[in-house]
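Remarks on the structure that follows.
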Amino acid sequence: MHHAVDQLPQKRYVHARDASEDDDGDRDAFENDDGYYDTAGDSSTFGLRAMVYFGLDVRAQDDDGITPLHCAASNGNVAAIKTLVGFGADVNAQNRDGLAPLHSAASDGNVAAIKTLVDFGVNLYAQDRLRSFALHYASKWGQVDAIRALANLGAKLQSRNATGMTPLHFAAINDRASAIRVLVELGANVRSRDNKGDTALHHASWKTHSDAKNVLLELGAESPPQDAKDETNSDLVCVICADGRRSVILMPCNHFVMCGECSERLLSVAAGNIASCPICNTQVQTVQKVFM
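Counting in UniProt numbering, the sequence shown runs from 1 upward without gaps.
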């Protein structure tokens with residue numbers, strides 16, 4: 001979605017791939033029809049059943065690892081979910097980014113799909129490549145009904161991904177004020193910190209998300225002291241990614257405008273060429289890391 005997250009399309013139109021590579025003519029005709037994945041998200045299961053009848057693999061994945069079940073879950077098509085699972089679809093199948101059908105349903109706020117997947121034994125604690133849960137995705141996209149449903153089904157409000165971020169962090173980063181309210185109402189801790197020691201309020205402030213920031217303050221988040229090291233100061237946000245903290249000085253112009261990751265990317269992309277300061281266009285000869 002977005003950040004390693006981070007993003008899942010609402011609907012995919014891709015070619016189905018059959019693992020057995022059967023040369024049957026009817027099978028090929030259906031495999032070459034983009035409608036297989038489209039049908040998985042359609043309201044009718046007749047076409048889907050017909051395709052499966054002709055031998056299409058319900059576990060087929062496109063180049064991004066997306067299965068028909070991902071599409072059905074994303075579109076909230078309960079009938080298609082039941083049909084696909086009935087024919088052997090894996091409810092915990094992961095795409096290339098580690099997203100399972102539950103992540104898809106949560107991202108699009110399809111509560112019926114979420115409950116159906118859970119009824120079929122889906123792993124409520126499935127994680128993507130960055131170890132983010134379905135609740136993180138529901139929070140990221142502000143899907144308050146999905147947040148409530150997942151929490152009622154047992155999802156952990158304080159679950160953390162690889163960076164230590166909770167669903168509340170995701171809601172704050174994406175300015176989802178309503179999601180923030182629901183998460184806190186259900187018991188999320190507004191003072192939780194990620195692996196870098198940052199709260200949801202820090203992230204909302206860096207992104208200049210006034211709605212998220214105001215709601216967090218209203219709900220008890222503590223505003224950091226406004227001093228020289230105030231990490232919520234927009235002057236400390238990288239001008240390139242608008243996310244990381246400025247941590248390097250570009251030499252010889254001495255501009256302090258970039259995070260370490262962006263400076264490394266700048267120098268690597270410009271390898272063999274001239275890397276220029278994004279402020280003054282002076283040729284960058286080296287960078288000096290600043291410890292704050």
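The beta-carbon is built from N, C-alpha and C at its ideal position, and this holds for glycine as well.
For residue i, count neighbouring C-beta atoms within 10 Å of its own C-beta (all shown protein chains included) and say buried if the count is 16 or more, exposed if not.
i: R96; result: exposed
i: L267; result: exposed
i: Q288; result: exposed
i: I279; result: exposed
i: Q285; result: exposed
i: K196; result: exposed
i: N161; result: buried
i: F46; result: exposed
i: T199; result: buried
i: C259; result: buried
i: C262; result: buried
i: Q94; result: buried
i: T208; result: exposed
i: D119; result: exposed
i: Q127; result: buried
i: C71; result: buried
i: S210; result: exposed
i: Q283; result: exposed
i: N281; result: exposed
i: A50; result: exposed
i: G76; result: buried
i: D145; result: exposed
i: D57; result: buried
i: D62; result: buried
Go ahead and pull the three-state DSSP assignment for residue i.
i: T286; result: strand
i: M51; result: helix
i: H255; result: strand
i: L250; result: strand
i: S276; result: strand
i: R176; result: coil
i: L56; result: coil
i: N281; result: coil
i: L130; result: coil
i: Y137; result: helix
i: D26; result: Because D26 carries a pLDDT of 35, less than 50, the predicted location of this residue cannot be relied on, and no value is offered for it.
i: S268; result: helix
i: K213; result: helix
i: A146; result: helix
i: N152; result: helix
i: G220; result: coil
i: D193; result: Note on identity: in this sequence residue 193 is Arg, with Asp being the wrong assignment. Coil at R193, not helix or strand.
i: A204; result: helix
i: G187; result: coil
i: R160; result: coil
i: R181; result: helix
i: Y36; result: Confidence in Y36 is poor, its pLDDT being 49 and thus under 50, which makes the residue's placement unreliable; the coordinate value appears in the next sentence. Y36: helix per DSSP, three-state reduction.
So that I know if they touch, is there some Cβ in chain C lying closer than 8 Å to that of residue i?
i: P167; result: Among the protein chains of the structure shown there is no chain C, as only one such chain exists.
Give me the DSSP bridge partner(s) of residue i.
i: V237; result: R245
So residue i packs on residue j, CB below 8 Å; how close in whole Å?
i: Q158; j: G109; result: The Cβ separation is near 22 Å, so there is no contact.
i: D175; j: A212; result: 5 Å
i: A100; j: A113; result: Between A113 and A100 the Cβ distance is about 12 Å, and since that is not below 8 Å, they are no contact.
i: R246; j: C238; result: 6 Å
i: L48; j: A80; result: 6 Å
i: A171; j: L183; result: 6 Å
i: V215; j: A177; result: 5 Å
i: E222; j: R191; result: 7 Å
i: L84; j: L102; result: Incorrect: roughly 14 Å between the Cβ atoms, too far for contact.
i: A151; j: L186; result: 5 Å
Under 7 Å: does the beta carbon of residue i sit that close to some heavy atom of the ligand FMN?
i: R193; result: The model depicted lacks the ligand FMN and carries no ligand whatsoever.
What are the start and end residues of each continuous alpha helix (DSSP H) run of 4 or more residues lying completely inside the region 61-124, in chain order?
With a minimum length of 4 residues, the unbroken runs of alpha helix (DSSP H) contained wholly in the region 61-124 fall at 68-75, 78-86, 101-107, 111-119.
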